[in-house]
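Counting with the numbering used here, you get residues 13 to 438 for the letters of the sequence shown. Glycine residues also receive a C-beta, built at the ideal position from the N, C-alpha and C atoms. Predicted model, so just to flag it, every value in this text is computed and none were measured.
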Amino acid sequence: MPLANPVQCPRCRTDLDRRGEKLSCSCGYSFKLRDGIYEVECPQAPEALGYNEQYYQCHLYDYSDYRISRLSFLALARPGHRILDLGCGPGAVAVSFAVLGSQVYGADISRAALKLSAHRARDAGVSLELFEFDGKTLPFKDSSFHTIVMADVAEHVDDETLSCLFRESFRMLLPGGRLVLHTAPALEAMRITGLLRRLTFGTIDLQSRLITPEYEHLHIRYHSQRSIASLLKQSGLDPLVWGEIRYLKDQWPRSVQRTFHRLLTDQVWALGIKGSVPVATFPAAPYLDALEIPSDLNLGHGDEWALGRGFYDPEGGIFRWTEKEAVLYLWAREGCSSLTIQLSAPHPDLESKPLRVVVFLDSRKVKALNITDRNPKTFSFDVSRKLKPGIHKIRLAVDRTFTPRDFGINQDSRKLGVILYEVRLD
Ligand SMILES: [Zn+2]
Numbered sequence: 013m014p015l016a017n018p019v020q021c022p023r024c025r026t027d028l029d030r031r032g033e034k035l036s037c038s039c040g041y042s043f044k045l046r047d048g049i050y051e052v053e054c055p056q057a058p059e060a061l062g063y064n065e066q067y068y069q070c071h072l073y074d075y076s077d078y079r080i081s082r083l084s085f086l087a088l089a090r091p092g093h094r095i096l097d098l099g100c101g102p103g104a105v106a107v108s109f110a111v112l113g114s115q116v117y118g119a120d121i122s123r124a125a126l127k128l129s130a131h132r133a134r135d136a137g138v139s140l141e142l143f144e145f146d147g148k149t150l151p152f153k154d155s156s157f158h159t160i161v162m163a164d165v166a167e168h169v170d171d172e173t174l175s176c177l178f179r180e181s182f183r184m185l186l187p188g189g190r191l192v193l194h195t196a197p198a199l200e201a202m203r204i205t206g207l208l209r210r211l212t213f214g215t216i217d218l219q220s221r222l223i224t225p226e227y228e229h230l231h232i233r234y235h236s237q238r239s240i241a242s243l244l245k246q247s248g249l250d251p252l253v254w255g256e257i258r259y260l261k262d263q264w265p266r267s268v269q270r271t272f273h274r275l276l277t278d279q280v281w282a283l284g285i286k287g288s289v290p291v292a293t294f295p296a297a298p299y300l301d302a303l304e305i306p307s308d309l310n311l312g313h314g315d316e317w318a319l320g321r322g323f324y325d326p327e328g329g330i331f332r333w334t335e336k337e338a339v340l341y342l343w344a345r346e347g348c349s350s351l352t353i354q355l356s357a358p359h360p361d362l363e364s365k366p367l368r369v370v371v372f373l374d375s376r377k378v379k380a381l382n383i384t385d386r387n388p389k390t391f392s393f394d395v396s397r398k399l400k401p402g403i404h405k406i407r408l409a410v411d412r413t414f415t416p417r418d419f420g421i422n423q424d425s426r427k428l429g430v431i432l433y434e435v436r437l438d
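Following this line, the structure appears as structure tokens:
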């Protein structure tokens, strides 16, 4: 079913008339389409100070593949889905959603940001509907979007404005739709690094890894998991909030990260569902239940949202390598009882010594496989009489790794355990 035109007058919430390059309301409010951007004529909002082209081109806005791919899976970016990137900035996220086939709208207070988004969309050969807005009221109708994304916006506005944007999101989302939010640096990490700096009289200053001094004045406030959850709840959205240690991952010992995860969080992620968050079948990572985890993971298609640790970035999008240990998540349907794994081990020393791969399901050892040659093999085996429907963690551990470069196979200097092609629960 085609989606209805979502655009309306932000002031009186009635339809706009289109005349040539102009969208106008009887109240006098109007947008003018200029270079692919709907600009507000006679904007009431003050000039977006500081949010200029230079800012958007600084390294802060170097969106890594990791963050974009995570936003894409959280936003359920795909054909037939309409997504609003609220505070779209220079458009890297919006364009990536459009490339995946979603119908994407972008809104921002900064014309410089919208211009960069329009350029990026043209370069990528996709279309974005880009709207300037006043920072408070969006020019879109109720129940218009499957997903609204606010990536790195929350830290740039005060709580009153953020509440207002959350309420607007609630209004514009379809029932069951979701707001996807990312904010960094998190208040938790700013507190702990601040304390550390004071206690060491400035000797240990990890805050310099969290902020960029020349743009720090644009940060209005840092958020904690708690502040985001509370503001989402107030707006009517059901919150699912979790933290991540990313910027300072290599600064804290692993055991400290596990024990004090919440305190050390430097990124806050959240979903706000217009409805109820799904029941967590996997309490260790409750957000997995909101991701549509598959039962059949074809690693040739880059279903990377179900991958945990141990995987490298795709090699030409063809397959993925594991290190000594790989973790992934699969959804078990009612009545699932067997696990199928297709893998190969290109180790150069298999003839003298088979490679041992141990398969764990939810931390329970279910099978040990011996690999004796390099050809891809498919193993299928029973894991249980019947698995509980929901998300299950699958871990593969190999007894040794090798470095392709050391054996002249290719120039890759990374450690390789096995190559996984497909993993499936039936
Ligand atoms: Zn109007």
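CB of residue i within 8 angstroms of CB of residue j, strictly
{"i": "A357", "j": "L340", "result": "no"}
{"i": "Q111", "j": "A87", "result": "For clarity, residue 111 is Val in the given sequence; the question names Gln instead. Taking 8 angstroms as the Cβ cut-off, V111 and A87 do not qualify as a contacting pair."}
{"i": "D171", "j": "L243", "result": "yes"}
{"i": "V192", "j": "L96", "result": "no"}
{"i": "H235", "j": "A198", "result": "yes"}
{"i": "L252", "j": "P298", "result": "yes"}
{"i": "F178", "j": "G284", "result": "yes"}
{"i": "L351", "j": "F323", "result": "no"}
{"i": "L276", "j": "R221", "result": "no"}
{"i": "L300", "j": "I403", "result": "yes"}
{"i": "L142", "j": "I49", "result": "yes"}
{"i": "H93", "j": "H194", "result": "no"}
{"i": "D47", "j": "A130", "result": "yes"}
{"i": "P4", "j": "L342", "result": "Residue 4 is absent from the model: the chain starts at 13 and stops at 438."}
{"i": "D217", "j": "R209", "result": "yes"}
{"i": "R258", "j": "E200", "result": "no"}
{"i": "C39", "j": "L28", "result": "no"}
{"i": "L309", "j": "R332", "result": "no"}
Length of the line joining the Cα atoms of residue i and residue j
{"i": "F43", "j": "R417", "result": "58 angstroms"}
{"i": "L428", "j": "V410", "result": "10 angstroms"}
{"i": "R368", "j": "R436", "result": "20 angstroms"}
{"i": "P306", "j": "S349", "result": "15 angstroms"}
{"i": "V19", "j": "R79", "result": "29 angstroms"}
{"i": "A104", "j": "I240", "result": "24 angstroms"}
{"i": "G255", "j": "H359", "result": "37 angstroms"}
{"i": "M184", "j": "K153", "result": "6 angstroms"}
{"i": "L249", "j": "S175", "result": "11 angstroms"}
{"i": "Q237", "j": "W281", "result": "8 angstroms"}
{"i": "V138", "j": "T205", "result": "42 angstroms"}
{"i": "T271", "j": "L35", "result": "55 angstroms"}
{"i": "P22", "j": "T149", "result": "6 angstroms"}
{"i": "P58", "j": "A302", "result": "Annotation note: pLDDT 48 at P58 (below 50); position unreliable, coordinate value reported separately. Their Cα atoms are separated by approximately 38 angstroms."}
{"i": "S81", "j": "S108", "result": "8 angstroms"}
{"i": "K365", "j": "D374", "result": "29 angstroms"}
{"i": "E434", "j": "A196", "result": "35 angstroms"}
{"i": "V161", "j": "A119", "result": "11 angstroms"}
{"i": "S155", "j": "G189", "result": "9 angstroms"}
{"i": "T415", "j": "L408", "result": "19 angstroms"}
{"i": "D424", "j": "F391", "result": "27 angstroms"}
{"i": "E33", "j": "A89", "result": "29 angstroms"}
{"i": "F85", "j": "A106", "result": "13 angstroms"}
{"i": "A163", "j": "R386", "result": "44 angstroms"}
For residue j and residue i, believed in contact at Cβ under 8 angstroms, the rounded distance
{"i": "A344", "j": "K400", "result": "7 angstroms"}
{"i": "Q115", "j": "L15", "result": "7 angstroms"}
{"i": "A133", "j": "L126", "result": "Wrong, their Cβ atoms sit about 10 angstroms apart, outside the cutoff."}
{"i": "S247", "j": "F182", "result": "5 angstroms"}
{"i": "S98", "j": "V165", "result": "The sequence shown places Leu at residue 98, rather than the Ser named in the question. Right, their Cβ atoms sit about 7 angstroms apart."}
{"i": "T173", "j": "G147", "result": "7 angstroms"}
{"i": "V395", "j": "A380", "result": "About 13 angstroms; that fails the 8 angstroms criterion."}
Buried or exposed (CB count within 10 angstroms, at least 16 for buried), residue i
{"i": "P225", "result": "exposed"}
{"i": "H229", "result": "exposed"}
{"i": "T334", "result": "buried"}
{"i": "C24", "result": "exposed"}
{"i": "G113", "result": "exposed"}
{"i": "P151", "result": "buried"}
{"i": "P295", "result": "exposed"}
{"i": "T26", "result": "exposed"}
{"i": "P265", "result": "exposed"}
{"i": "L432", "result": "buried"}
{"i": "R426", "result": "exposed"}
{"i": "Q66", "result": "exposed"}
{"i": "Q279", "result": "buried"}
{"i": "E304", "result": "exposed"}
{"i": "D438", "result": "exposed"}
{"i": "L128", "result": "buried"}
{"i": "E144", "result": "buried"}
Interface flag, residue i vs chain B, CB-CB below 8 angstroms
{"i": "H404", "result": "No chain B appears in the structure shown, which is made up of a single protein chain."}
Within the stretch 326-391, ranges of the beta strand (DSSP E) (whole runs, at least 3 residues): As far as the stretch 326-391 is concerned, its whole beta strand (DSSP E) runs of at least 3 residues are 337-344, 350-356, 367-373, 376-383.
Ranges of the alpha helix (DSSP H) found wholly within the stretch 64-113, counting only runs of at least 4: Counting only runs of 4 or more, we get 65-68, 77-86, 104-111.
Entirely enclosed alpha helix (DSSP H) segments - the stretch 223-307, minimum 4 residues: Counting whole runs of 4 or more residues, the stretch 223-307 contains the alpha helix (DSSP H) stretches 237-247, 266-271, 273-276.
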